[in-house]
Every structure is written in structure tokens, then in C-alpha cells.
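Asks: Supplied in C-alpha cells, the structure appears directly below.
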Amino acid sequence: MSAADKNWHLSGEYAENCSCVYLCPCIFTNSTAPSIPATEEAGDHCIAAMALNIQDGQFGDVSLSDLSFMLILKTGLVMSAGEWTTAIIIDDKASPAQREALEQITSGQAGGPLAMLLPLIKEFAGIHYGDIQFHLEENKRSVVVPGMIEIGVEGYLSRRQNSEPFYIDNVGHPVSSRLALGLATGSHVHVGGIDWDDDTGTNNGHFHSFSWSGAAKPTDYVLDRKAAS
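Here our numbering runs 639 ahead of the position in the sequence shown, where the first position is 1.
In C-alpha cells form, the structure reads like this:
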């Protein structure tokens, strides 16, 4: 059975910081609008760090529950133009079989949402392993991988008295079609030659639950200007 034919699913919680000022325009323009970096350090690039904490997961007969992984992106200011550099971080608690499964999923070889990114990637900055510490507290998420990653996001609360952040729906984001909107509380990324530090508190962040499977196809998403019109 090939990797793409494997029966697999993942569900859990996700958090992301990116180098754009709040609100990242990629989300509501199908990644066709130029990003506006919050700091000069990002230069003519968008840098994003996405962390996924698996609460329930299975790849064939391999359990992936209670593991985490991260996707690190460095792209041009217009993400849909491609030329991406990507790096992967996989939980160092994973067994050899779990590592192999997560490598296939995160590389897009096993199908699913990340397969949509393959045409956009020019350079792969490697698979790295670390102690991924994912913390969830009401409207806050934080992720630490010692020596590589430290990110945090806090939901941007609505003025309605319901303690809920703003949400954006029906988006073509690979993690979830619905995202909470938030501000980063700190962004520090040093992995695979991708380096970024931002403590301004003005850059963009998201979080939400997620549910993935190998049934998702790249054709479920369209990354071009026509889709935004």
C-alpha cells in the first residue's frame, strides 16, 4: 500500500504566528495580496510557524495521538507566487514508526491538506526533531521547541461580552477553513536556516481546532488571482 493510499486521520489543536502585521492579507485574498511585514527583519519575505498538537490520530495501524509537529514557511511577499522554503519539526517523543508516518504526512506524500503546498515549494530545509511543548489556555496558545521555536498568540476578543475572539470562515488555509484571529505575543524561529525574531506584539496569529485526513485533495484549494475575484 502506497503512502498516498494509507487510511489516516488527525485531529487536535493548532496555533500559528506569521510575520505580517495583523490582519494577514493572505487569509482573505487567497494568498494573492502582498504581505506587510511587522518588522524590517523579515525583509521581503513572509515567515510563518504553524504548530499542530494531535489529540487523536492514526496512520494505518500506527497511533499518532498525543504527538505534535510544526511547519515553518519562508515565502515571498505574495505567497501564491511560490518559491517557498519549508522546514518540518517533528516531536522527538515519536517512535520510528510514528516518525515515518508524520514525515509522510508533513511532506505531502500521504496526500491530505499539505499536498496542496507541494507545487509552491522550491527549497526544503529539512526535517528536524525536538521537544514540542504546546500549551493551550482559553484564548491563548504558546509553543516552545527548545533551541528552535518560541511562539505565542492571543485571540483578538470581540467587544461582545462572550469572551470569544473574532473568527474568519470559509478560508483556503491548509489547517482549517475556520480560524480565530489573534495577535502574536512573541515570535522566535531559528530552524533550517530560517531565522526570525519579533516581540512587537503587532504581528498576526491564528488558532483553531483541526481535523485532517488523507481524503483531502490539492484540488480542494485554488491559489490564484481569479479565485479572489
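Positions of the beta carbon are idealized from the N, C-alpha and C atoms, including for glycine.
Does the pairing of the stretch 693-705 with the stretch 796-804 give three or more beta-carbon distances under 8 Å?
Replies: no
Asks: Is DSSP giving E652 helix, strand or coil here?
Replies: Here residue 652 refers to the residue found at position 13 when the sequence shown is read from its first residue. Here E652 sits in strand by DSSP.
Asks: Which one of A677, C665, P673, Y661 has the shortest CA to CA distance from W835?
Replies: Residue 835 sits at position 196 when you count from the first residue of the sequence shown. Ranking the options by Cα distance to W835, first place goes to A677.
Asks: Going straight from the alpha carbon of L703 to that of K779, what length do you get?
Replies: Counting from 1 along the sequence shown, the entry for residue 703 is found at position 64. Counting from 1 along the sequence shown, the entry for residue 779 is found at position 140. When rounded, the distance between both Cα atoms is 24 Å.
Asks: Out of L710, S815, K761, L741, which has the shortest C-alpha to C-alpha gap to V830?
Replies: Along the sequence shown, read from residue 1 onward, the residue named residue 830 stands at position 191. Considering only alpha carbons, the answer is L710.
Asks: What are the partner residues of P785, as DSSP defines its beta bridges?
Replies: Reading the sequence shown from its first residue, position 146 is the one you call residue 785. According to DSSP, P785 bridges with nothing at all.
Asks: Got a sec, what are the start and stop residues for the alpha helix (DSSP H) L741 sits in?
Replies: As a first step, residue 741 is located in the sequence shown; it is residue number 102 there, counting from the start. Here the alpha helix (DSSP H) through L741 covers 735-745.
Asks: Do you know whose CA, among D837, P804, S850, lies nearest I686's CA?
Replies: Counted from its first residue, the sequence shown places residue 686 at position 47. Of D837, P804, S850, the residue nearest in Cα terms is D837.
Asks: With a threshold of 16 other CB atoms inside 10 Å of the CB of A793, please say whether the residue is buried or exposed.
Replies: Walking along the sequence shown from the start, residue 793 turns up at place 154. Checking the sequence shown, residue 793 turns out to be Glu, not Ala. Classification for E793: buried.
Asks: Is it buried or exposed for F773, if we count other Cβ within 10 angstroms and need 16 for buried?
Replies: Counting from 1 along the sequence shown, the entry for residue 773 is found at position 134. Buried, by the Cβ-count rule.
Asks: Looking at the unbroken beta strand (DSSP E) that takes in H829, where does it start and where does it end?
Replies: Taking the first residue of the sequence shown as position 1, residue 829 is located at position 190. Counting along the chain, the beta strand (DSSP E) containing H829 begins and ends at 818-830.
Asks: Determine the DSSP secondary structure at S704, reduced to helix, strand or coil.
Replies: To locate residue 704, count along the sequence shown from 1; it is residue 65. Three-state DSSP puts S704 in coil, outside helix and strand.
Asks: Run through DSSP, which three-state label would A600 get?
Replies: This structure cannot speak to residue 600, because the chain is shown only from 640 to 868.
Asks: Measuring alpha carbon to alpha carbon, tell me which of S707, I666, N646 ends up nearest E652.
Replies: In the sequence shown, counting from the first residue as 1, residue 652 sits at position 13. Checked all of S707, I666, N646; the closest Cα to E652 is S707.
Asks: Closer than 8 Å is the cut-off here; do at least three beta carbon pairs connect the stretch 647-661 with the stretch 846-854?
Replies: yes
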